[in-house]
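S.K.: Chains as they are written, first to last, in my numbering: chain C, 1 to 130; chain U, 1 to 20. Idealized CB from N, CA, C, for every residue including glycine. For reference, the structure I am asking about is given below.
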């Protein structure tokens with residue numbers, strides 16, 4: 001009952017907390033050409049754990065902004081304009097905060113929960129694994 | 001100095017689940 005597979009269907013969060021689950025979901029998203037959404041989600045978690053005193057943190061914030069938020073990709077297109085502006089202003093003013101990507105991460109997570117996660121649970125990739 | 005891509009990859013990897 002509490003097998004990894006049972007947990008995968010419980011929630012997106014449970015799926016992403018499992019190594020095999022996260023890997024398989026990424027394979028699925030790559031095929032759907034939206035793996036960036038998952039990479040961004042993990043990048044937000046990694047960023048939140050970074051030490052703000054570390055000089056790397058500003059560079060990582062800039063890299064996340066450039067690669068996912070500003071770019072016309074799957075993440076940039078799904079974020080609300082106000083959310084993108086908020087992050088852009090933070091990066092420009094070098095006002096780095098552990099929670100600066102939280103809202104954006106929530107928006108992408110909701111989008112994955114409503115779309116990709118549901119499709120994944122019905123995909124051949126998932127069913128073959130099961 | 002690490003490249004931007006390396007930093008980003010390191011950040012993503014640090015958040016990936018490690019064990020089953």
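#1: Residues of chain U with a CB under 7 Å from the CB of residue 64 (chain C): which are they?
#2: Measuring only between beta-carbons, confirm whether residue 56 (chain C) sits less than 8 Å from chain U.
#3: Does the beta carbon of residue 69 (chain C) come closer than 8 Å to any beta carbon on chain B?
#4: Using a Cβ cut-off of 8 Å (strictly closer), state whether residue 45 (chain C) contacts chain U.
#5: Classify residue 83 (chain C): buried if its beta carbon has 16 or more other beta carbons within 10 angstroms, exposed otherwise.
#6: Here's a check: name, in chain order, each residue in its chain whose Cβ is nearer than 7 Å to the Cβ of residue 129 (chain C), leaving out the five neighbours to either side.
#7: Going along chain U in order, which residues have a C-beta closer than 9 Å to the C-beta of residue 60 (chain C)?
#8: Just to confirm, are residue 45 (chain C) and residue 15 (chain U) a CB contact at a threshold of 8 Å?
#9: Name the chain U residues that come within less than 8 Å of residue 19 (chain C), Cβ to Cβ?
M.R.: Taking the geometry as given:
#1: 8
#2: yes
#3: The displayed structure is made up of protein chains C and U, and chain B is not among them.
#4: yes
#5: When all chains shown are included, residue 83 (chain C) counts as buried.
#6: Closer than 7 Å at the Cβ level, and outside the excluded window around residue 129 (chain C), lie 24.
#7: 4, 7, 8, 10 and 11
#8: yes
#9: By Cβ distance, chain U contributes 16, 17, 18, 19 and 20.
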